[in-house]
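To start, the structure under review is shown below, and the notes come after it.
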Amino acid sequence: MDGLLQAAASLPGPLGLDFMQRAYLAGLVAGVAAPVIGTFLVLRRLSLLADGLGHAAFAGVAGALLLGANPVLGALAAAVLGSLGIERLRSAGRAPGDAAVAIYASLGLGAGLVLARLAGAGNIDLFGYLFGSLVTVRPGDAALLAAMGALVVAGVAAFYKELLALVVDEETALASGLPVAWLNRGLAVLAAVTVVVAMRVVGVLLVAALMVLPVTAALQVARGLGRTLLYAAAFSTASVLAGLTLAYYLDVPAGAMIVVTCAAAWALVSAAAGRRAS
Amino acid sequence: MTSNGRIGAAQPATPLLEVSNLTVSYQREPVLRAVSFSCPPGAVVGIIGPNGAGKSTLIKAVLGLVPRESGEVRVGGLPVDRARDRIAYVPQREDVDWDFPVTALDVVLMGRYRQVGLFRRPGPRDRALALELLERVGLEGFAQARIGQLSGGQQQRVFVARALAQEADLFFLDEPFVGVDAATERIILELMAQLRRAGRTIVMVNHDLGVVQDHCDLVLLLNGAVVAFGPPGEVFRPDLLRRTYGGRLVAFEQGGSRVVVGP
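Respectively, the protein sequence lines represent chains A and B. Note that our numbering has the first sequence beginning at 1, numbered continuously upward. Note that our numbering has the second sequence beginning at 1001, numbered continuously upward.
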C-alpha cells in the first residue's frame, strides 16, 4: 500500500497529488452510483428528486458543522429522512410528486443556510459544498464514500428485476403482488445515499446533473435497461474524470466543470444518435 | 351467437371471484356503490357501461390498486391480497409508459418475476416460456424489439403475453381492444376462448357491445352501481340498457335484428 502511494505520488500532474487522488476516487464512485440510481429516477419521471435530496443533504451538512459532527454522516441522515418524507407525501397522494420534492428542496436549502450561518461557516466552505470542490473529500471520507457507492450498486443489483417492473408499470407490479411500497422507499433511500456520494465532488446544487444527463444520453442509444445503465455509467465516469482534471487546471469549481463535461458528452451522444437514426 | 347456458348447472360451490358490497369514493364522491357479483371458473365476463360509469375503477378496486371504502373481494375464497399469484392484469394501454428502454421479451419475462422470487433471475425455462408466449400472440421475431417501436396492437399483445406468463387463473383486461388492429383483436379473443376452455376466468372492461354479446358468458351492466348481471341474453334488454346508458343511444343485435335503444 505504501509502495503504491509512493508510486502514485510520483505520477505527473494532478494524479500525483493526494487530494486529487481522493477527488478522483470519490468521482469514480459517484460516477458509477449516480447514473445507476438516476436511470430509475428519470424513467419514473422523478428526475428532480435528485435535486430535492441534494438540498436536503445540504441542511445535513450545515447541521453537522453546527454540532461538530462528520458532514458526510449529517448529509446522509438528512437526505435519507428527506427521501422518506418525499416518498410518504407522494405515495399518500397528499402532494403531487414534484410539489413534494419542491417542499423538501426549499426547506433543505433554507434550513441549511440558517444552520451554516449559526455554525459560523464562511462563504468559501459553503461554496465548496454547494458547487463542489476538489478539496472537500477529506482523507477519512474515501472509505465511507466507497462503501456507500457499493451499497447503492449492490442494492440495485439485488432488486434489479423488481425495480424494473416497478418503473415500467407500477400498477401491474402492485397487482401481481410485488412489494411496491417497500421498493419505492428503498429506491428513495438509495437515491439519498447516492446524492451524498456525489455531493463531495459535484456539490449539492449540481448533483442532479450527474444523475440525469448521462442517463438521458444513454437512453438515446441503448435498447434494454441493462445497456442503459452500462452506457450511462460509462458516460458519467468519463465526464467526471475529464471534469475533475479540467477543474484542476482551470481552477474552477469541480461540480460546475463536471456538469459542463456531462452536458458536452450528452450533446455528442445526441448528435451521434441523430446521425445514426437519419 | 350468444352464449346462454354455457355455464349454469355445473357451477361449482366456490366462485373464483366474489365481490361483495364494494364501494369506492374519490374525494368523498362515491364512484361505485355497493357493487356485488361473482364469477365462476371458466367464464368470460364483460363489464360495460357509459364513460364515467366506474368500469376501470371497479377493476382497480377489485385488484386493490385504488382504496376500497367498504366491501370485500375474494379470489378462490381468499382475500385478494393473499391470492395475487392467481391474478394477472392487463392495464389500459394509455396507463403505460411506452418510451421505456425494455424489449418485448423483457416485458413478457416480468410476468415470471413473482414465481422466480426475490434475489433470483429468470432462468432458461422462464425464457423459453416467454418466447413461446410471444409466438402464441403472433410476435415471433419481435423478442428483441424495443417496446416503444411496436405498433399499438403489438404492444397490447406483448402485455397479454406477460399476463399469460403469470400462469394465473383469473385475468383482468381493461379495454383490451382500444387502439388495436383487427388481427390483434382476433388473436386476443382466440386466446380468451382457449383460457376459458382451460377453466380460467377473464374479466374485461369493454365498450363494444357487439364483442361483449358474442364473446362473454356473463355481462355486468354498470353505471356507478350494478344495473344487471347475467348472461347476455338476459341483460341485453332495452329497459336495462336504457338504465345503464341513460339518454345515450346504443345499438345491439337481438334475434338477428339490430335494436337501437334511446332515451
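Ideal Cβ placement from N, Cα and C applies to all residues, glycine included. These figures come from a predicted structure and were not determined experimentally.
- The straight-line gap separating the alpha-carbon atoms of residue 63 of chain A and residue 1098 of chain B is approximately 43 angstroms.
- For residue 19 of chain A, the enclosing alpha helix (DSSP H) begins and ends at 18-43.
- For residue 1229 of chain B, the three-state secondary structure derived from DSSP is strand.
- Looking at the DSSP output, residue 1087 of chain B bridges to B:1170.
- A direct Cα-Cα distance of roughly 8 angstroms separates residue 105 of chain A from residue 54 of chain A.
- Taking the C-beta atoms as reference points, residue 26 of chain A is found no nearer than 9 angstroms to residue 116 of chain A.
- Using a Cβ distance threshold of 9 angstroms, residue 1244 of chain B and residue 1221 of chain B count as a contacting pair.
- Residues of chain B whose Cβ lies closer than 9 angstroms to the Cβ of residue 158 of chain A are, in chain order, 1118 and 1119.
- Only residues of its own chain outside the window of five on either side were considered, and among them 33, 34, 37 and 152 have a CB closer than 6 angstroms to the CB of residue 194 of chain A, listed in chain order.
- The shortest CA-to-CA distance from residue 1089 of chain B to any of B:1072, B:1078, B:1108 and B:1134 is the one to B:1108.
- For residue 184 of chain A, no beta strand (DSSP E) segment is defined; the enclosing uninterrupted segment is the alpha helix (DSSP H) at 180-202.
- With 16 or more other CB atoms across the displayed protein chains lying within 10 angstroms of its CB, residue 170 of chain A is buried.
- The stretch 1177-1196 of chain B and the stretch 1109-1124 of chain B do not touch, with fewer than 3 CB-CB distances between them shorter than 8 angstroms.
- At least one beta carbon of chain A lies nearer than 9 angstroms to the beta carbon of residue 1103 of chain B.
- Interface with chain B (9 angstroms Cβ-Cβ cutoff): residue 87 of chain A is excluded.
- Inter-segment contact for the stretch 10-27 of chain A and the stretch 130-139 of chain A is present: three or more beta-carbon pairs are separated by less than 8 angstroms.
- Contact annotation: in the stretch 222-243 of chain A, residues whose CB is within less than 8 angstroms of a CB in chain B are 222, 223, 224, 225, 227 and 228.
- In its chain, beyond the 5 residues on either side, 36 and 39 have a beta carbon closer than 6 angstroms to the beta carbon of residue 229 of chain A.
- Contact between the stretch 216-230 of chain A and the stretch 92-111 of chain A is not established, with fewer than three Cβ pairs separated by less than 8 angstroms.
- Shortest Cα-Cα distance from residue 87 of chain A to any of A:270, A:209, A:181 and A:266 involves A:181.
- Assigned with DSSP and collapsed to three states, residue 1079 of chain B falls in strand.
- In this structure, residue 1225 of chain B lies near residue 1033 of chain B, with their beta-carbon atoms less than 9 angstroms apart.
- The secondary-structure analysis by DSSP pairs residue 1035 of chain B across a beta bridge with B:1022.
- For residue 1087 of chain B, the nearest beta carbon of chain A is closer than 9 angstroms to its own beta carbon.
- According to the DSSP assignment, residue 1152 of chain B belongs to the alpha helix (DSSP H) that extends over 1152-1165.
- Interface annotation, residue 1095 of chain B: in contact with chain A, CB-CB separation under 9 angstroms.
- Residue 200 of chain A counts as buried, since no fewer than 16 other beta carbons sit within 10 angstroms of its beta carbon.
- Sequence-ordered contacts of the stretch 199-221 of chain A with chain B read 219 [C-beta pairs closer than 7 angstroms].
- Pairwise C-beta distances place the stretch 241-251 of chain A out of contact with the stretch 1126-1140 of chain B, as fewer than three of them are shorter than 8 angstroms.
- At least one CB atom of chain A sits nearer than 9 angstroms to the CB of residue 1106 of chain B.
- Under the criterion of beta carbons closer than 8 angstroms, residue 84 of chain A and residue 188 of chain A qualify as touching, at roughly 6 angstroms.
- Residues of chain A whose Cβ lies closer than 9 angstroms to the Cβ of residue 1113 of chain B are, in chain order, 161, 162, 164, 165, 173, 176 and 178.
- For residue 1072 of chain B, the three-state secondary structure derived from DSSP is strand.
- Apart from sequence neighbours up to five positions away, the residues of its chain that approach residue 61 of chain A with a beta-carbon distance below 6 angstroms are 71, 74, 75 and 129, ordered along the chain.
- Judged by their CB atoms, residue 1160 of chain B and residue 1046 of chain B are not nearer to each other than the 9 angstroms cut-off.
- The closest CA to that of residue 121 of chain A, considering only A:211, A:216, A:58 and A:186, is found on A:58.
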